[in-house]
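Student: Numbering (my numbering), first residue to last: 1 to 269.
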């Protein structure tokens, strides 16, 4: 039980998550806000100048270099989007430069798997990538899930730490239990279960799905523009059941519940 109960872990947890809670020695860079997925819960359009930043690639390497010049001491460096793998060469170059500027820093990539294959995984490994976090989109159907599971399986043994990070939908408990068993069978190191958030727009779609906001969502004044907005009722309960399931099944797979409040705390710091 971590961060005053905002973060709960069964088994292994990636070290970057500990740094994220306090925002110390860690920074995440954005390659692009563009993405081939159309997730109804995506919060990127909330971010400042979204229309201007959606196109890419952004000069993430230039931002890395500016942080080094400013004297930043980064122990964790991440690249996210949108979908960074829309620009594979630039993504590889980012991690190569990160290794030069911040030797020994833990490097991780967030991706839906778009544009990944065995050749690209090897390039990312050789560029210094330590951890890859896949997103599994359960609302895109069984075929899409199988496609990303195939990529996840191909990543195991190539990248040191292979993870999944995804929001948990209320009402998908049995599907998620099956997914945890599949991921464990593939040799995935861990999964971050995120509390589903309402991103302050697209309300009609949330209502169509029968979703409601959680009561008393957060105790600290915060603008909610990042970290996915306001928590949705029922997601936390499903995450807690999945934690218990992983423990009761004795899964080697590390399972971390990252509540919306945990994400907001990191942003405040």
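Where is the CB? At the ideal position from N, CA and C, for every residue including glycine.
May I ask which residues mark the beginning and end of the beta strand (DSSP E) holding residue 191?
Tutor: For residue 191, the enclosing beta strand (DSSP E) covers residues 190–195.
Student: Going by other Cβ atoms of all chains shown within 10 Å of its Cβ, with 16 needed for buried, is residue 59 buried or exposed?
Tutor: That one is exposed.
Student: Counting along the chain, where does the alpha helix (DSSP H) carrying residue 235 start and finish?
Tutor: From DSSP, the alpha helix (DSSP H) with residue 235 extends over 235–249.
Student: Let's test the definition: count the other Cβ atoms within 10 Å of the Cβ of residue 13 and tell me whether it reaches 16, buried, or not, exposed.
Tutor: Classification for residue 13: buried.
Student: Report the start-end ranges of each alpha helix (DSSP H) in the region 49–83 that is 4 residues or longer and not cut off at the edges.
Tutor: Listed in chain order, the complete alpha helix (DSSP H) runs (minimum 4 residues) inside the region 49–83 are 50–54, 60–69.
Student: Are the beta-carbon atoms belonging to residue 158 and residue 127 less than 8 Å from one another?
Tutor: no
Student: Tell me the rounded alpha-carbon separation between residue 26 and residue 137.
Tutor: Residue 26 and residue 137 have their alpha carbons spaced roughly 27 Å apart.
Student: Expressed to the nearest angstrom, what Euclidean distance is found between the alpha-carbon atoms of residue 84 and residue 119?
Tutor: 16 Å
Student: Given a cut-off of 8 Å, decide if residue 79 and residue 56 are closer than it, judged by their beta-carbon atoms.
Tutor: In this structure, residue 79 does not lie closer than 8 Å to residue 56 by Cβ.
Student: With a threshold of 8 Å on Cβ separation, who are the neighbours of residue 106 within its own chain once the five nearest residues in sequence on each side are excluded?
Tutor: 15, 16, 75, 76, 77, 130, 131
Student: Considering only residues of the region 91–154, which uninterrupted alpha helix (DSSP H) runs meet the minimum length of 4 residues and lie entirely inside it, listed in chain order?
Tutor: List check, alpha helix (DSSP H) in window: 118–127.
Student: Given this structure, state the Cα-to-Cα distance separating residue 69 from residue 208, to the nearest angstrom.
Tutor: If I take the Cα positions, the gap works out to 49 Å.
Student: Report the three-state DSSP secondary structure of residue 171 (helix, strand or coil).
Tutor: coil
Student: Whose CA, out of 125, 2, 190, lies closest to the CA of residue 134?
Tutor: Measuring from the Cα of residue 134, the nearest candidate turns out to be 190.
Student: For my contact list, residue 194 and residue 168 are in at a C-beta cut-off of 8 Å; report their separation, rounded to the angstrom.
Tutor: About 7 Å separates the two Cβ atoms, so the contact holds.
Student: In terms of residues, what are the limits of the beta strand (DSSP E) holding residue 255?
Tutor: In the DSSP assignment, residue 255 falls within the beta strand (DSSP E) that extends over 254–258.
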